[in-house]
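K.L.:
All the letters of the sequence shown, read from the start, carry residue numbers 10 to 234 under my numbering. This is the structure I have questions about; it appears just below.
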Amino acid sequence: MGENESVEAEVLSIGEEGIRRIRLSAESGIDRLGEMPLPPYIHQRLSDPERYQTVYSRQPGSVAAPTAGLHFTPGLLDAMRDKGVETAFVTLHVGLDTFRPVSEDDPTEHAIHTEYYEMPEETAAALTRARAEGRSIIAVGTTSVRTLEQVGRDRAASGQADLFILPGHRFRLVDGMITNFHLPRSSLVMLVSAFAGRERILAAYREAIEERYRFYSFGDAMLIW
10 MGENESVEAE VLSIGEEGIR RIRLSAESGI DRLGEMPLPP YIHQRLSDPE
60 RYQTVYSRQP GSVAAPTAGL HFTPGLLDAM RDKGVETAFV TLHVGLDTFR
110 PVSEDDPTEH AIHTEYYEMP EETAAALTRA RAEGRSIIAV GTTSVRTLEQ
160 VGRDRAASGQ ADLFILPGHR FRLVDGMITN FHLPRSSLVM LVSAFAGRER
210 ILAAYREAIE ERYRFYSFGD AMLIW
């Protein structure tokens, strides 16, 4: 794409809250013309877009990184494998609900946005093997938890994840998770509360505030198991 060339966008549909579905005239040059979609609490533009990306990312399409995964480096992954930790991966195109707060007083009235996922056969085999051998399945990131639980519910290797996990949910695949500290009134806080219990999560957040932990995308993480 030349320096003076542009990309045209056709609006296909307009949804609630200003959400638009568009078709681009060309995909080439998007990385050069566009900017990394960052959460609203990151105010400085990243000079290196890979700073907001996990080391194991492979396919473009997500609007955000699974931020718990930002803690992992190639060296850390190698050290985990040396200790016998088996790693397995899914493709997940994280969507709007990573950023969007739940505005409804009754969370069950919140319409969660779908996220496309794919689970490779080798990952499904690794999960089955872990279950058969009595090993724990630890998800990295709340979005990954939602994907695994969607697969556990629907038994579909790919599709649109639309599972809204609230307290009372029966977890089918996930035994634990690594997660960052999230914004209030987010679907992600409700997910971790469903997993560990509301009071335990509130206590963890109180301690995080007292100890001055860093919150959100580039913040600290916790292991819930």
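C-beta: ideal position from N, C-alpha, C; glycine also.
Using the C-alpha atoms, what's the distance from A135 back to K31?
P.N.:
Sequence inspection shows Ile at residue 31; the Lys mentioned does not correspond to that position. Straight-line Cα distance between these residues: approximately 37 Å.
K.L.:
Output the distance between the C-alpha atoms of T96 and M199, rounded to the nearest integer angstrom.
P.N.:
About 26 Å.
K.L.:
Alpha carbons only, please: which of G78, V64 and R60 is nearest the one belonging to L232?
P.N.:
The shortest C-alpha separation from L232 is found at G78.
K.L.:
According to DSSP, is M10 part of a helix, a strand, or is it coil?
P.N.:
For M10, the pLDDT reaches just 45, beneath the cut-off of 50, and the residue's location in the model is therefore unreliable, leaving the point undetermined.
K.L.:
With DSSP collapsed to three states, give me the class of V111.
P.N.:
In this structure, V111 counts as coil in the three-state DSSP scheme.
K.L.:
Is the region 82 to 99 in contact with the region 50 to 63, if contact means three or more CB pairs nearer than 8 Å?
P.N.:
The region 82 to 99 is not in contact with the region 50 to 63.
K.L.:
Look at the Cβ atom of R162, then the Cβ atom of E26, and state whether they are nearer than 9 Å.
P.N.:
No; because the gap between Cβ atoms is not below 9 Å, this pair is not in contact.
K.L.:
Specify whether the region 139 to 149 and the region 217 to 227 touch according to this definition: at least 3 beta carbon pairs, one from each stretch, less than 8 Å apart.
P.N.:
Verdict: no, contact absent.
K.L.:
On the criterion of 16 or more Cβ atoms from any shown chain inside 10 Å, does E118 qualify as buried, or is it exposed?
P.N.:
Flag for E118 reads exposed.
K.L.:
Classify Y126 as buried or exposed, calling it buried when 16 or more other Cβ atoms lie within 10 Å of its own Cβ.
P.N.:
Classification of Y126: buried, given that the 10 Å Cβ count is 16 or more.
K.L.:
Below 7 Å CB to CB, which residues in the same chain sit around V16 once its five sequence neighbours on both sides are set aside?
P.N.:
Here the set comprises L33, S34, A35, G38, I39 and L42.
K.L.:
Could you check the C-alpha separation between T188 and E19 for me, to the nearest Å?
P.N.:
Their backbone Cα atoms lie some 37 Å apart in a straight line.
K.L.:
With a threshold of 16 other CB atoms inside 10 Å of the CB of S167, please say whether the residue is buried or exposed.
P.N.:
S167 comes out exposed.
K.L.:
Looking at the structure shown, is A77 part of a helix, part of a strand, or coil, going by DSSP?
P.N.:
The answer is helix: DSSP assigns A77 an H, G or I state.
K.L.:
In the structure shown, what three-state DSSP assignment does R162 receive?
P.N.:
Helix, per DSSP.
K.L.:
Considering only the alpha carbon of each residue, which of G104, I121, H102 and V103 lies closest to D111?
P.N.:
Residue identity differs from the one stated: residue 111 is Val in this sequence, not Asp. It is I121.
K.L.:
Classify A134 as helix, strand or coil using the three-state DSSP reduction.
P.N.:
Three-state DSSP puts A134 in a helix.
K.L.:
Return the chain-ordered list of same chain residues with a C-beta closer than 6 Å to the C-beta of V160, the five sequence neighbours on each side being excluded.
P.N.:
Correct list, in chain order: M128.
K.L.:
Please determine, among L157, Q53, A73 and I174, the residue with the shortest C-alpha to C-alpha distance to V99.
P.N.:
Checking every option, the nearest Cα to that of V99 belongs to L157.
K.L.:
Please work out which residues of its chain come closer than 7 Å, Cβ to Cβ, to V183, disregarding the five sequence neighbours upstream and downstream, and give them in chain order.
P.N.:
Taken in chain order, the residues that qualify are I146, A148, V154, L157 and E158.
K.L.:
Cutting at 7 Å between CB atoms, please list the residues of its own chain near R181, excluding the five before and the five after it.
P.N.:
Same-chain partners within the cutoff: E158, G161 and R162.
K.L.:
Going by DSSP in three states, T82 sits in which element: helix, strand or coil?
P.N.:
Reduced to three states, the DSSP call for T82 is coil.
K.L.:
Per the DSSP calculation, Q169 is bridged to which residue(s)?
P.N.:
DSSP lists Y125 as partners of Q169.
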